[in-house]
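Worksheet: one structure, shown below.
Residue numbers (my numbering): 12 to 251.
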């Protein structure tokens, strides 16, 4: 197709390709796909079709949710992000994608949004451009919503130490899964690598000293993996 995909996402932030791990994930998938795309800066999730960032526009239709967009790219363009993998490996890829996107993600959110010292860093970044009084009201509402979301997910019902212990368990599982391999399944990155790197970069590369980051940094292979993914997919970003 001659059309160009438009990726809507915020600008790079915190030394990462993006402040959102799902934007990093989706941009890696787009780069893996080889399809031409352009980035349009969009900081307001409300403009997306699902009320979240990232989203894409392709051939006049808007699509949200990184997982759904992955399926769209696979079906519409015949791309196999898991070429060469058997059913068991593909299943492992799905399982680790869920672990990263649906569990580890929430531990990262807790570390940024619920911990006051880090909340005070991200608040001006995400909300500083809003006019008064919105820049006072909107962050309060957003933080309250995230607290409720964390509670609904279940992770937010635990005390701080338990949240980080569960996050550390996820990180150890990823480290053990990767082992000495360059990427999840060997020499070439597959779909799960996009998800893993999105969440790991948000924890390792961002300048937030948290128990979650310290747990990640204790695994040399996770640190090396982040550097490897960054060099491959975001060579224009300065090394961390």
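Note that CB positions come from ideal geometry on N, CA and C, so glycine has one too. Just so you know, these numbers come straight off a predicted model, no measurement behind them.
At what residues does the alpha helix (DSSP H) containing residue i begin and finish?
i: residue 163; result: 145-164
i: residue 2; result: Because the chain spans 12 through 251 in this model, residue 2 falls outside it and cannot be assessed.
i: residue 80; result: 77-88
i: residue 67; result: That residue, residue 67, is in no alpha helix (DSSP H); its beta strand (DSSP E) goes 66-69.
i: residue 181; result: 171-189
i: residue 24; result: Counting along the chain, residue 24 falls outside any alpha helix (DSSP H), and DSSP gives it neither H nor E.
i: residue 99; result: 98-110
Have a look at the options and flag the residue whose alpha-carbon is nearest the alpha-carbon of residue i.
i: residue 202; options: 94, 65, 188, 60; result: 94
i: residue 216; options: 197, 239, 139, 198; result: 239
i: residue 88; options: 191, 98, 70, 146; result: 70
i: residue 206; options: 187, 137, 108; result: 108
i: residue 242; options: 188, 194, 139, 218; result: 194
Thinking C-beta only, is residue j closer than 9 Å to residue i?
i: residue 162; j: residue 154; result: no
i: residue 223; j: residue 182; result: yes
i: residue 200; j: residue 39; result: yes
i: residue 34; j: residue 46; result: no
i: residue 31; j: residue 213; result: yes
i: residue 36; j: residue 208; result: yes
i: residue 245; j: residue 106; result: no
Roughly how many whole angstroms lie between the Cα atoms of residue i and residue j?
i: residue 25; j: residue 90; result: 31 Å
i: residue 65; j: residue 171; result: 29 Å
i: residue 110; j: residue 103; result: 10 Å
i: residue 79; j: residue 16; result: 15 Å
i: residue 129; j: residue 122; result: 7 Å
i: residue 184; j: residue 250; result: 26 Å
i: residue 12; j: residue 101; result: At residue 12, the pLDDT of 49 sits below 50, so the modelled position is not reliable and the matter cannot be decided from this model.
i: residue 56; j: residue 83; result: 20 Å
i: residue 302; j: residue 118; result: In this structure the chain extends from 12 to 251, so residue 302 is not present and cannot be described.
Based on DSSP bridge pairs, tell me the residues matched to residue i.
i: residue 51; result: 19
i: residue 74; result: 67
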